[in-house]
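Note sheet for the following structure.
Number of protein chains: 2
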Amino acid sequence: MDVPASNRLADRMQRGDVFAPRCPSREVLKHVTSTWGVLILIGLRGGTLRFSELRRKVAGVSERMLAQTLQQLEGDGLLVRRSYPVVPPHVEYSLTPLGEEAAVRVEALTDWIEDRLPSLVKT
Amino acid sequence: MDVPASNRLADRMQRGDVFAPRCPSREVLKHVTSTWGVLILIGLRGGTLRFSELRRKVAGVSERMLAQTLQQLEGDGLLVRRSYPVVPPHVEYSLTPLGEEAAVRVEALTDWIEDRLPSLVKT
DNA sequence: ATCCATACTTACTCCGATGTATGTACTTAC
DNA sequence: GTAAGTACATACATCGGAGTAAGTATGGAT
Numbered sequence: 001m002d003v004p005a006s007n008r009l010a011d012r013m014q015r016g017d018v019f020a021p022r023c024p025s026r027e028v029l030k031h032v033t034s035t036w037g038v039l040i041l042i043g044l045r046g047g048t049l050r051f052s053e054l055r056r057k058v059a060g061v062s063e064r065m066l067a068q069t070l071q072q073l074e075g076d077g078l079l080v081r082r083s084y085p086v087v088p089p090h091v092e093y094s095l096t097p098l099g100e101e102a103a104v105r106v107e108a109l110t111d112w113i114e115d116r117l118p119s120l121v122k123t
Numbered sequence: 001m002d003v004p005a006s007n008r009l010a011d012r013m014q015r016g017d018v019f020a021p022r023c024p025s026r027e028v029l030k031h032v033t034s035t036w037g038v039l040i041l042i043g044l045r046g047g048t049l050r051f052s053e054l055r056r057k058v059a060g061v062s063e064r065m066l067a068q069t070l071q072q073l074e075g076d077g078l079l080v081r082r083s084y085p086v087v088p089p090h091v092e093y094s095l096t097p098l099g100e101e102a103a104v105r106v107e108a109l110t111d112w113i114e115d116r117l118p119s120l121v122k123t
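Here the protein sequences come in this chain order: Y and S.
In this text, residue positions in the first sequence follow the working numbering: the first is 1, and each later residue adds one.
In this text, residue positions in the second sequence follow the working numbering: the first is 1, and each later residue adds one.
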């Protein structure tokens with residue numbers, strides 16, 4: 001069968017198509033599937049967390065990567081940052097409804113991997 | 001509340017826990033969520049494909065990255081490689097049942113991103 | 001004789017993802 | 001006075017993901 005007209009690159013990019021290298025969806029995908037993006041999304045499913053709480057929950061993140069990844073996900077509209085002008089600083093992060101939807105799907109993948117790990121060939 | 005004993009690092013790694021930095025599940029996760037890993041898994045959902053067919057379907061991959069990512073996913077038991085001793089070479093790749101399960105979840109995520117792209121803040 | 005197609009591998013290179021270390025501003029605790 | 005906690009920013013170094021180009025082996029087409 002032939003390729004339908006709606007498969008043209010421009011159309012696919014407007015709809016959102018990860019197969020189109022320059023589609024913005026690739027950016028979001030990159031953020032969401034990044035090492036720390038995955039863990040932050042899942043970590044926040046339990047509810048709102050402060051920066052340092054999240055840092056403890058997502059063991060192994062550096063402050064640098066945590067801050068950076070949080071900004072990316074915030075820019076994508078997947079989480080919100082609320083800061084309170086007190087001292088010491090108090091900043092809270094929580095998923096948006098959109099972020100919750102993304103997190104559910106990411107967690108479905110990681111849960112599956114964790115479950116099936118024994119079936120997967122040893123590295 | 002305290003951390004239960006089953007949350008000890010060693011236990012979490014045996015079960016498979018992406019939050020444990022040295023758990024093998026992190027390796028699999030890395031392969032599956034890599035730029036080309038994602039696209040290859042989805043690309044193969046349509047059925048068996050040859051190397052060059054896959055290369056055309058997953059637009060933008062270099063031969064180098066395609067070969068390398070295929071080897072990773074094969075090592076994880078997510079796809080199988082069948083080669084026929086003919087000339088010119090003929091090699092087929094297809095998902096294993098395990099790979100199909102993974103691909104479904106990966107595609108659920110990418111489908112969601114494609115759908116919700118308009119809702120996501122512009123970069 | 002030369003080119004093309006196939007499925008890679010290898011060498012070289014580049015850039016972005018990530019880690020480390022340090023700084024900041026303020027307060028509480030010792 | 002000095003250390004610790006908080007939420008970052010910034011500079012520097014590193015490492016691996018990723019692209020490019022070329023090579024390999026073979027046979028058929030031109």
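Where a beta carbon is used, it is the ideal one built from N, C-alpha and C, also for glycine.
Exercise for the section: From the DSSP output, in three-state form, read off Arg26 (chain Y) for me. Expected result: In this structure, Arg26 (chain Y) counts as helix in the three-state DSSP scheme.
Exercise for the section: Rounded to whole angstroms, what's the CA-CA distance from Leu54 (chain Y) to Arg45 (chain S)? Just pull it up for me. Expected result: Taking the straight line from one Cα to the other gives about 36 Å.
Practice task
Report the residue from S:Arg56, S:Leu95 and S:Ile113 whose alpha carbon sits nearest the alpha carbon of Gln71 (chain S).
Solution key: Nearest C-alpha to Gln71 (chain S): S:Leu95.
Practice task
Put Val32 (chain Y) into one of helix, strand or coil per three-state DSSP.
Solution key: In this structure, Val32 (chain Y) counts as helix in the three-state DSSP scheme.
Exercise for the section: Indicate the three-state DSSP secondary structure (helix, strand or coil) for Ser62 (chain S) in the structure shown. Expected result: Coil, per DSSP.
Practice task
Could you tell me which chain S residues have their CB closer than 8 Å to the CB of Gly46 (chain Y), listed as they occur along the chain?
Solution key: Near Gly46 (chain Y) there are no residues of chain S at all, since even the closest Cβ is about 12 Å away, more than 8 Å.
Problem - Burial state of Asp115 (chain Y) (16 or more Cβ within 10 Å) - result: Taking every protein chain shown into account, the CB of Asp115 (chain Y) has fewer than 16 other CB atoms within 10 angstroms, so this residue is exposed.
Handout entry: Nearest-angstrom beta carbon gap, Glu107 (chain S) and Gln50 (chain S) [assumed within contact, 8 Å]
Key = One point to set straight first is that residue 50 (chain S) is Arg, not Gln, in the sequence displayed. Contact between Arg50 (chain S) and Glu107 (chain S) is absent: CB atoms are separated by about 21 Å, not below the 8 Å threshold.
Handout entry: Exposure label - Ala102 (chain S); buried when at least 16 CB within 10 Å
Key = Per the 10 Å Cβ criterion, buried.
Practice task
Taking the CB atoms as reference points, tell me whether Gly77 (chain Y) and Leu120 (chain S) lie closer together than 8 Å.
Solution key: Yes, these two residues count as a Cβ contact at 8 Å.
Practice task
Output, in chain order, the set of chain Y residues within a Cβ distance shorter than 9 Å of Ala102 (chain S).
Solution key: Those are Leu109, Trp112, Ile113 and Arg116, listed as they occur along chain Y.
Practice task
Check whether the Cβ atoms of Leu109 (chain S) and Arg82 (chain Y) sit closer than 8 Å, and answer yes or no.
Solution key: Not a contact, by the Cβ cut-off of 8 Å.
Handout entry: Contact set between Ser119 (chain Y) and chain S, taken where Cβ atoms lie within less than 9 Å
Key = Within 9 Å of the CB of Ser119 (chain Y), the CB atoms of chain S belong to Gly77 and Leu98, in sequence order along the chain.
Practice task
Over the uninterrupted beta strand (DSSP E) stretch that includes Leu95 (chain S), give me the two end residues.
Solution key: Leu95 (chain S) -> beta strand (DSSP E) spans His90 to Leu95.
Problem - Span of the beta strand (DSSP E), counted from its first residue to its last, around Leu79 (chain Y) - result: Leu79 to Tyr84 is the span of the beta strand (DSSP E), which, as asked, contains Leu79 (chain Y).
Practice task
Since I believe Gly99 (chain Y) is in contact with Leu73 (chain Y) (beta carbons under 8 Å), could you give me their beta-carbon distance rounded to a whole number of angstroms?
Solution key: That pair is a contact at about 7 Å.
Handout entry: Span of the alpha helix (DSSP H) around Leu54 (chain Y)
Key = Start and end: Phe51 to Lys57.
Practice task
Could you run through the region 66-91 of chain S and flag, in chain order, every residue whose CB is less than 7 Å away from some CB of chain Y?
Solution key: Of all residues in the region 66-91 of chain S, the ones placed with a Cβ closer than 7 Å to any Cβ belonging to chain Y are Gly75, Asp76 and Gly77, in chain order.
Practice task
Return the residues of the region 13-31 of chain Y that lie within a Cβ-Cβ distance of less than 7 Å from chain S, sorted by chain order.
Solution key: Of all residues in the region 13-31 of chain Y, Arg15, Gly16, Asp17, Val18, Phe19, Pro21, Pro24, Ser25, Glu27, Val28 and Leu29 have a Cβ within less than 7 Å of some Cβ in chain S.
Handout entry: Pair within 8 Å by beta-carbon distance, Val18 (chain S) and Ser25 (chain S)
Key = Their beta carbons are under 8 Å apart, which means Val18 (chain S) touches Ser25 (chain S) by this criterion.
Practice task
Kindly indicate which residue of Y:Gly47, Y:Glu63 and Y:Ser52 has the alpha-carbon position closest to the one of Pro97 (chain Y).
Solution key: Nearest option by C-alpha distance: Y:Gly47.
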